[in-house]
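Report on the following structure.
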Amino acid sequence: MCGITGYIGTNDAKEILLKGLEKLEYRGYDSAGIAVFNQDGVHIFKEKGRIADMRAVVDGTVTAKVGIGHTRWATHGAPSKGNAHPHQSASGRFTLVHNGVIENESELRVEYLQDVKFNSDTDTEVIVQLVEKFAKDMETEEAFMKTLRLLNGSYAIAMLDTEATDTIFVAKNKSPLLVGVGEDFHVVASDAMAMIEITDQFIELMDKEIVIVKKDQADIYNLQGEVIIREPYHAELDVTDIEKGTYPHFMLKEIDEQPLVMRKIIQAYQNADGNLEIDSDIKHAMAAADRIYIVACGTSYHAGLVGKQLIEKLAGIPVEVHLASEFGYNMPLLSAKPLFVFISQSGETADSRAVLVKVKEMGYRALTITNVPGSTLSREADYTLLLHAGPEIAVASTKAYTAQVAVLAILASATGSAKDTIAEFDLVKELGIVANAMEILCDTKEEFELMAIEYLPAAINCFFIGRSIDYFVGLEGALKLKEISYIQAEGFAGGELKHGTIALIEEQTPVIALATQARVNGSIRANVKEVAARGANNCIISMKGLETEGDRFVLPAVHELLTPLVSVIPLQLIAYYAALHRGCDVDKPRNLAKSVTVE
Ligand code: F6R
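The numbering of the sequence shown is UniProt numbering, which starts it at 1 and goes up by one.
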């Protein structure tokens, strides 16, 4: 959600900014822009739509060694060229890009900017106009800090000043931003992926810090002007991880990577005895809790629902799973000794972070399960478990979901072993079986393409039904389908259909049913019969050992607690092919952002 790039050095800034923005495309956006400085002044190029549309309006003859870039995901004001960043102050002296939301922008307009004519509907323009107002009586740095002290909300900012052409002014609060360090240049980026081709050294920024970035210097201050010393860290990113290679889409590549991710997770968590182990502090925190509260959004929330089953069954601790966007405003009565577990691929999701901040203020302990080391949710929690899934670029989450379920299984079984609540459960072996099963499914792609063609060519809706753990996977299958193919899809508990929703079943309504659980195999099949009797076009995906004649696909058998790791793969692939055959932009679905950094 929104991306920022910046460059100051000896090479042509334009191309570096544009390439960086292309690497940030995965975050989701609806307009893009860059601003560069040279001896003729500031040149701004921006356009609604894709970066390719913006590239088309960039004047190739302009060369410059300093600049900032932005991809915007609209929050204040429609997606349009006028609302696209960079924005300029009234006189044109300051040019600024911003991610985040300024909550008190209306108050600031009334208090300080009544005499200023605004050129956009954005909250961002308030920031740049304020800096100009204050800079009339003070140095830019001071005016910048004074402005930042007035802002309520989230921001990552990069700003140019025509009177300081050797500087990019940078600031961060809640929204992610890094400064990259090179031989004779510095870069600014929302994440390391944007600039990994030119540097792997990055300085992490904390909330309410500013950085005065020059070609060969980057000085960090807090908003009181005190100097902060922080060394760069080495970003461990492989450039090939963020390339599609021969794949047509990142989503397909990431689906295919899932067996490998399972093996990487086993490797990362295996101890000298060959068992899967987690940090002893995390185990103690888990064992000391009388209740676990899992907080997450979207796909990560769906992984959390599976995690509840794993933790309750393997570790014997009661678990509640909550949507972050609800939890913050409607907190349930908490138990005496809660432990909070945040699940977030990006580690930057604003809804989850808002809850984390609140529970930390209340004095509770928190564990973050994330794919991104050093992400905000990881830094601010007491403990972190990493997913080791490699960068996930497609907006629709696939490998992060299965990695989350696998890491939750490790968390549950390691806690269970420590508490002696778990009988024989050789998780290394079971996850190895899962990885092999995943490989078989990924090698059977054509089958799922045929299913997408058979069930979803002209569908206006689709139901995913299941019972017990299959119901949670159905929720994830429905989310995958709707977010990339735009088919209205619903995940439903099989037994609940007859309490209302079955009214929607008509001749040929696609109903995809999962049957991987022995205990409910009979009852989910009875639910399928109910919808079949009303004309539904049924597709049963069952598990080896539970299959009956007429099942559309039989999954290789895995441990019954780990079935989501394999049953989700056909659903990911069906969604992928349904979207592909409808001509949808699979990796960048409309209206969505990869990293949702506004509440
Ligand atoms: C769907 C998807 C989203 C994310 C959600 C939370 O495919 O990716 O539903 O799961 O926005 O994001 P994270 O996990 O980064 O907190």
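For glycine and all other residues, C-beta sits at the position ideal for the given N, C-alpha and C. Predicted model only: the values in this text are computed from it and were never measured.
Anticipated Cβ contact below 8 Å, residue i with residue j, distance rounded
i	j	result
Ala143	Ala156	That pair is no contact at about 19 Å.
Glu254	Lys399	5 Å
Leu130	Tyr112	6 Å
Ala489	Leu481	4 Å
Leu555	Ala437	7 Å
Ile102	Gly6	In fact, because the Cβ distance is near 20 Å, the residues do not count as touching under 8 Å.
Val428	Gly307	With 8 Å as the limit, Val428 and Gly307 do not qualify as a contact, their Cβ atoms being about 19 Å apart.
Phe118	Asp161	No, Phe118 and Asp161 are not in contact; Cβ-Cβ is about 20 Å, not under 8 Å.
Phe250	Ile393	4 Å
Leu205	Leu177	5 Å
Thr349	Val568	Going by Cβ atoms, the distance from Thr349 to Val568 rounds to 20 Å, so no, they are not a contact pair.
Gly495	Ser523	7 Å
Thr122	Phe169	In fact, because the Cβ distance is near 18 Å, the residues do not count as touching under 8 Å.
Val321	Gly304	4 Å
Residues of its chain near residue i, where Cβ-Cβ distance is below 7 Å and the 5 sequence neighbours each way are ignored
i	result
Cys459	In the sequence as displayed, the identity of residue 459 is Ala instead of Cys. The answer, listed in chain order, is Ile487, Pro510.
Val434	Met262, Val558, Leu562, Leu565, Val566
Ala536	Ile505, Thr509, Val511
Lys419	Ala287, Ala315, Gly316
Leu356	Phe342, Ala366, Leu377, Glu380, Ala381
Asp281	Tyr383
Met145	Ile210, Leu223, Gly225
Pro570	Leu441, Phe448, Ile541, Phe553
Ser300	Ile343, Ser344, Gln345, Gln404
Gly180	His186, Val187, Ala189, Met195, Thr199, Gln201, Phe202
Ser413	Leu276, Leu314, Ile422, Phe425, Leu427
Beta-bridge partners of residue i, as assigned by DSSP
i	result
Met159	Leu96, Phe169
Cys584	According to DSSP, Cys584 bridges with nothing at all.
Leu367	Val341, Tyr383
Thr71	Gly3, Ala32
Ala350	BP columns for Ala350 are empty, so no partner.
Tyr293	Glu320, Phe340
Ser542	Ala515, Val554
Cys462	Ala489
His186	Ile8, Val181
Asn537	Pro510
His87	Leu96
Glu47	Ala32
Lys174	Tyr155
Thr144	The sequence given here places Phe at residue 144; Thr does not occur at that position. In the DSSP output, where bridge partners are listed per residue, Phe144 has none listed.
Leu276	Gln270
Gln217	Lys214
Tyr329	The partner list for Tyr329 (beta bridge, DSSP) is empty, contrary to what the question assumes.
Tyr26	According to DSSP, which records beta bridges pairwise, Tyr26 is partnered with nothing at all.
residue 615	This structure cannot settle anything about residue 615, because the visible part of the chain is limited to 1 through 599.
residue 600	No statement about residue 600 is possible, as the shown extent of the chain runs from 1 to 599 and does not include it.
Ile102	Gly153
Ile228	Ile220
Gly41	Asn38
Val66	Ile8, Phe37
Contact set for residue i: own chain, Cβ-Cβ below 6 Å, skip 5 residues either direction
i	result
Ala579	Ile484, Ser485, Val586
Val58	Phe45
Tyr247	Lys253
Met451	Ile574
residue 600	Nothing in the structure corresponds to residue 600, since the chain is present only between 1 and 599.
Thr165	Phe37
Glu43	The question names Glu, but residue 43 is His in the sequence shown. Here the set comprises Val36, Val62.
Contact set for residue i: own chain, Cβ-Cβ below 8 Å, skip 5 residues either direction
i	result
Val227	Asp219, Ile220, Tyr221
Gly182	Gly9, Ile198, Thr199, Gln201
Thr147	Ile127, Leu130, Val131, Phe134
residue 627	Within the shown structure, residues of the chain are numbered from 1 to 599, placing residue 627 beyond reach of any answer.
Arg230	Ile203, Glu204, Ile220
Heavy atom of the ligand COA within 7 Å of residue i beta-carbon
i	result
Ser485	No copy of the ligand COA occurs in the structure displayed; its ligands are the ligand F6R alone.
Listed by chain order, which residues have C-beta atoms less than 5 Å from any heavy atom of the ligand F6R? Qualifying residues come out as Cys297, Gly298, Thr299, Ser300, Ser344, Gln345, Ser346, Thr349, Ala396, Ser397, Val596.
Is the segment 491-510 touching the segment 325-343 in the sense that three or more CB pairs, one from each, lie closer than 8 Å? At 8 Å Cβ cutoff, the stretches do not touch.
Segment contact, 8 Å Cβ cut-off, at least three pairs: the segment 48-67 with the segment 170-177: No contact exists between the segment 48-67 and the segment 170-177.
Does the structure place the segment 359-368 close enough to the segment 185-195 that three or more beta carbon pairs sit under 8 Å? Using a Cβ-Cβ distance cut-off of 8 Å, the segment 185-195 and the segment 359-368 are not in contact, since fewer than three pairs of beta carbons, one from each stretch, lie closer than that value.
Is the segment 259-278 touching the segment 335-343, taking contact as three or more C-beta pairs under 8 Å? Because the criterion of three Cβ pairs below 8 Å is not met, the segment 259-278 and the segment 335-343 do not touch.
Within the chosen definition, does the segment 121-130 reach the segment 86-95 through at least 3 CB pairs nearer than 8 Å? With the cut-off at 8 Å, the segment 121-130 and the segment 86-95 touch.
Does the segment 30-42 touch the segment 60-75, meaning 3 or more C-beta pairs lie closer than 8 Å? Touching, yes.
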